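Single-structure report; data block below.
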Amino acid sequence: MYDILLLFFAGLLAGSMNALAGGGSFVSLPALISVGVPSVAANATSTLALFPGGLASSWVYRDGVKSVCGVNVVPIAIVTVLGGVAGSVLLLLTPSRIFDGILPWLLLVATLMLAAGPRLSTKLRTQVRPNILAFATVQFLLGLYGGYFGGAVGLMMLAAWSVLGGGEIKSLNPTRMVMVTAANAVAVVVFILAGAIVWQQCISMTLGAIIGGWIGAHVGRRLPSSIVRMLTLGVALLTTVVFFSRAYL
């Protein structure tokens, strides 16, 4: 019963975090590992558990989905899905110890990009206009990362779009939520087909994530941009510190 309640509340918090700013797997993955699920299976199970919450958040955000950097939503989704398939397959082929060493550095880069995004985007708009190929390449890599692990992929997406001049974080949040959900959708299919899901632990976390995703999306639509940005940076910093500690301490 303790494990069930722990996973439910971890899913509730993770779903809310994903809807607001991303980084929900920072909560869900350690929770699954703490109840005895191996790391690779915990990663796959976390992706599935948080997926319905992402769907709930995407539904709430549906009216705010728009093009990014002049690229329409459908091409962005196609590239993201292709990256998600590649990343999920790569995860199943990669030893977890290699990923554990790389992950903190990826999160650090995302945090720095997010923090400097508005200033960098202004400078880049005056010097370089990113073309569709460059944007598609970045988005494919984001989709690949989302399918491979997904931890803070929403933060990375906001950071990359901000640097490329996509707009303020709050206005990008609905499209970010939908694209993260798209990458997770194909990853979930791959993980299920590969038999990588631990179903018993997944159910209670999934229920919590659905409720948390719905609540977080409604809260996120009403918060001022400055608060959303502050929360996003806070989640990014906390996630980075935790994963550095996990990998090197």
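Each residue of the sequence shown is one higher than the one before, counting from 86 in my numbering. Ideal Cβ positions, reconstructed from N, Cα and C, are used throughout, including at glycine. Nothing here was measured: the structure is a model prediction, and the numbers come from that model.
Whole-angstrom C-beta distance between residue j and residue i, which should lie under 8 Å
i, j, result
"Gly124", "Ile118", "Per the sequence shown, the amino acid found at residue 124 is Ser instead of Gly. About 6 Å separates the two Cβ atoms, so the contact holds."
"Ser173", "Val275", "4 Å"
"Gly232", "Gly169", "4 Å"
"Ala332", "Leu188", "7 Å"
"Ala268", "Val145", "About 19 Å separates the two Cβ atoms, so there is no contact after all."
"Ala126", "Leu91", "In fact, because the Cβ distance is near 17 Å, the residues do not count as touching under 8 Å."
"Ala171", "Leu229", "5 Å"
"Asn128", "Leu176", "7 Å"
"Arg261", "Leu243", "6 Å"
"Ser330", "Ile89", "The pair is not a contact, with the Cβ atoms about 27 Å apart (cut-off 8 Å)."
Contact under 9 Å by Cβ, residue i with residue j
i, j, result
"Met198", "Ser152", "no"
"Thr179", "Ala237", "no"
"Ala245", "Val265", "no"
"Leu74", "Thr291", "Nothing about residue 74 can be reported from this structure: the residues present for the chain run from 86 to 334 only."
"Val150", "Val263", "yes"
"Asn258", "Gly305", "yes"
"Ala302", "Ala104", "yes"
"Met241", "Ala201", "no"
"Ser311", "Gly235", "no"
"Leu249", "Phe220", "yes"
"Phe93", "Val164", "no"
"Ser143", "Ile300", "no"
Chain E within 9 Å of residue i, Cβ atoms only
i, result
"Ser142", "Among the chains of the structure shown, chain E does not appear; only one protein chain is present."
Start-end ranges of the alpha helix (DSSP H) lying completely within the segment 129–211, minimum 4 residues: Listed in chain order, the complete alpha helix (DSSP H) runs (minimum 4 residues) inside the segment 129–211 are 158–178.
- request: Mind the definition here: the segment 293–305 touches the segment 178–197 only if three or more C-beta pairs lie below 8 Å; say whether that holds.
  value: At 8 Å Cβ cutoff, the stretches do not touch.
message: Between the segment 129–138 and the segment 146–160, can you find at least three pairs of beta-carbon atoms closer than 8 Å?
response: The segment 146–160, when compared against the segment 129–138, does not touch it at the 8 Å Cβ threshold.
- prompt: Would you say the segment 315–324 touches the segment 89–99, given that touching needs at least three Cβ pairs under 8 Å?
  reply: Result no; under three Cβ-Cβ pairs closer than 8 Å.
field: Continuous alpha helix (DSSP H) assignments of at least 4 residues falling wholly in the segment 248–326
entry: If we require 4 residues or more, the alpha helix (DSSP H) runs fully inside the segment 248–326 come out as 254–278, 284–307.
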